[in-house]
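So the structure is just underneath, and the comments pick up after that.
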Amino acid sequence: MVEPIHPTERQFGTDVERIEISFRDFLASLQTAEGPHHYLTTQYANEEDAETVFPAPTDALRDDFPEVPRIMGNLVLQQVNLWLGKSKDGSSSGLHHDFHDNLYCLLQGRKRFVLFPPKDVHHLYPYGTLGTLHPNGLISYTDAPMRADGLSRRVACKARVRALEEKLDALGNLKQNGKGKAKESKEMARERERLMKEHDRALDELAQATLEDEAGLGVEDEVDDFDALMGGLEGGFGEDDFDDGEAGPSGIVDSDAGDDGDEDGDNSEEESEEEDDVALGEGDEHEHGEPSSFSRIPPAYLHKHLNLPTTAVLPPDFDPADFPDFVKASKPLVVELSAGEMLYLPVSWWHEVTSSSPDSSSGSGVHMAFNYWFYPPDTLDSFERPYADALVWEHLRAQAAASAAEEWAGFAQDDASEGKRKTDPMGGVQLPTKKQKTRR
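Going by full-length UniProt numbering, the sequence shown opens with residue 1, and the numbers climb by one from there.
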């Protein structure tokens, strides 16, 4: 899917309907001199595509980039994306923020970033209604509340319950297989009692979170980002492990826990797509059909205010009196990025991006970028342990490691049949996610 430029405002990042086109035809269209040209972002991949953190065509390029660059430490990968377009004079993305840490790698062309810190949310007029501004900068909206690490409370509760049940299962196996002394048995009994109490508290918290969702979003509209994190796994955390109202293999949820969505434990395809949108703060498509995380301030007005060159056009009904607090925002950073350079944006930093192509005589005349999104750290004083909820994230990492090993084994087997050998370029793991709409 590609995005046409807005016909009157001359910018991307709007509610203009996306167009389905083959990759071959899209590349051919970029060879024409006459514009405007469409914009490829892998966030607009077909909804029927496989669930993955590697939307096409990045899935075919997995040997060409590290899945988690060393500089990102122990952050958990949410998604990678490819951006490809053509604009001689520059085209704007619109002012917005992401819900994840962003490592942006410019491969060709030029990018100009206008950057505001998350605290300016009060002056930048997002479409969404602010719920919480977390200490690490993550902006959470009332239509899709998030913890500082990017998980919803309900999703984190589900993961905690499962983690505790696995600890209890392991303790039970140890008791059955062990021949320890009585003293050791007493220690095991005390540990089991402690875990059971913690498990009961976790179930209570899950029930409370579900009730709050029913009173607010409604369970049918609340995204199960746990499924997004672990979607597509064979065994371990399959889609059925957390069907609402049903227990998984370890009995993570029962009907008494209050997590009782559909009686069948299944949602329709339409509901599932809506849930994915809500996960990223995009579920509330406001009067203009825009995500919560986009600013109402037109790029043309932003550029004029900062005396920056622009090709964007003000909407016909624009009135600067609609944005009286914009002048209270911090003085923005303006960053010029060239091919071969990277920019790291912490979670929820506002950015408006103007993309320009190089001179066609120097190559294909397109601008192209690749970026990583990571679940944001909420422990800001530890590079090695970036997430405060250690139980939840260690559990998710363990499941992801098992899945990644199985996936790479499958790749190796496929390549062996073709006389090739494929290796993990980084030796790390990431949590598979459902393919989701994201922000440019």
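Glycine is no exception: its CB is placed at the ideal position from the N, C-alpha and C atoms. Note that the structure is a prediction, hence the values are computed from the model and not measured.
Paired residues, beta bridge with G336 - DSSP
According to the sequence shown, residue 336 is Glu rather than Gly. Per DSSP, R112.
Every unbroken alpha helix (DSSP H) within the stretch 57 to 136, with a cutoff of 4 residues, ordered by chain
Counting whole runs of 4 or more residues, the stretch 57 to 136 contains no alpha helix (DSSP H) stretch at all.
In angstroms, rounded to a whole number, what distance separates the CA positions of P315 and V161?
If I take the Cα positions, the gap works out to 50 angstroms.
As assigned by DSSP and simplified to three states, the class of Y387
Three-state result, Y387: coil.
By DSSP, does F323 sit in helix, in strand, or in coil?
Residue state, collapsed to three classes: coil.
Sufficient close CB pairs (3 or more, under 8 angstroms) joining the stretch 114 to 133 to the stretch 323 to 333:
The answer is yes - the stretch 323 to 333 touches the stretch 114 to 133, with three or more Cβ pairs under 8 angstroms.
Residue 471 lies in the alpha helix (DSSP H); which residues open and close that run?
What is shown of the chain runs 1 to 440, which leaves residue 471 out entirely.
Within 8 angstroms, do at least three Cβ pairs link the stretch 338 to 356 to the stretch 116 to 136?
Because the criterion of three Cβ pairs below 8 angstroms is met, the stretch 116 to 136 and the stretch 338 to 356 touch.
Would you kindly report the start and end of the unbroken beta strand (DSSP E) that includes L308?
Element bounds for L308: n/a, residue is neither H nor E.
Enumerate in chain order the residues of its own chain whose CB-to-CB distance from D389 is below 7 angstroms, with the five nearest sequence positions on each side excluded.
Excluding sequence positions up to five before and after D389, its CB lies within less than 7 angstroms of the CB of D149, A156, all in the same chain and listed in chain order.
Could you check if P309 is buried or exposed, using at least 16 other CB atoms within 10 Å of its CB as the buried criterion?
So P309 counts as exposed.
Under three-state DSSP, which class holds L369?
The displayed chain sequence assigns Ala, not Leu, to residue 369. DSSP places A369 in strand when its eight states are reduced to three.
For P57 and M368, the rounded distance between their alpha carbons
Computed Cα separation, rounded: 13 angstroms.
Roughly how many angstroms separate the alpha carbons of G128 and H100, rounded to a whole number?
C-alpha of G128 to C-alpha of H100: approximately 17 angstroms in a straight line.
Who does M342 pair with in a DSSP beta bridge?
Answer is C105.
Is DSSP giving L330 helix, strand or coil here?
The question names Leu, but residue 330 in the sequence shown is Ser. Taken through DSSP and simplified to helix, strand or coil, S330 comes out as coil.
Would the beta-carbon of L168 fall within 8 angstroms of that of L195?
With respect to the 8 angstroms criterion, L168 and L195 are classified as neighbours on the basis of their beta carbons.
How is W393 classed by DSSP in three states: helix, strand or coil?
Three-state result, W393: helix.
First through last residue of the beta strand (DSSP E) which encompasses V353
Here the beta strand (DSSP E) through V353 covers 350 to 356.
Check D317 in the structure and name its three-state DSSP category.
DSSP places D317 in coil when its eight states are reduced to three.
Taking only the alpha-carbon atoms, compute the straight-line gap between L211 and R153 and give it to the nearest angstrom.
Cα to Cα, the separation comes out at about 12 angstroms.
Secondary structure of S140, DSSP reduced to three states:
Annotated three-state conformation of S140 is strand, per DSSP.
Can you tell me which of the three DSSP states S295 falls into?
Look at S295 here: in three-state DSSP terms it is strand.
Rounded C-beta distance between F374 and M72? I'm assuming under 8 angstroms.
6 angstroms between Cβ atoms; contact.
Cβ-based burial, K328 [other Cβ within 10 Å; buried from 16]
Result: exposed.
Reference L124; option with closest CA among A312, N81, P298:
Put simply, of A312, N81, P298 the residue whose alpha carbon is nearest the alpha carbon of L124 is P298.
Between the CA atoms of E290 and R70 - distance to the nearest angstrom:
Roughly 35 angstroms separates the two Cα atoms.
State yes or no: is the C-beta of G376 within less than 8 angstroms of the C-beta of L138?
A small fix is needed here, since residue 376 is Pro in this sequence, not Gly. Less than 8 angstroms divides the Cβ of P376 from the Cβ of L138.
Identify which residue in F323, E67, G85 has its Cα closest to the Cα of H77.
In the sequence under discussion, the amino acid at residue 77 is Leu, which differs from the His named in the question. Of the candidates F323, E67, G85, the one whose C-alpha sits nearest the C-alpha of L77 is E67.
Do you know offhand how far W393's Cα is from N136's?
So the two alpha carbons sit approximately 17 angstroms from each other.
Does G172 come out as helix, strand or coil in the three-state DSSP assignment?
Note: G172 maps to helix in three-state DSSP.
Could you tell me whether the Cβ atoms of E352 and S91 are closer together than 8 angstroms?
With contacts defined by Cβ atoms closer than 8 angstroms, E352 and S91 do not form a contacting pair.
For L343, tell me which candidate among A312, L103, F318, V53 has the shortest Cα-Cα distance.
If you compare the alpha carbons of A312, L103, F318, V53 with that of L343, the shortest gap goes to L103.
Going by C-alpha to C-alpha distance, which of L75, H122, A60, H305 sits closest to S293?
Considering only alpha carbons, the answer is H122.
Please report the straight-line C-alpha distance between D325 and D98, rounded to a whole angstrom.
Straight-line Cα distance between these residues: approximately 22 angstroms.
Going along the chain, which residues of its own chain have a beta-carbon closer than 8 angstroms to the beta-carbon of D319, five neighbours each way excluded?
Around D319: no qualifying Cβ.
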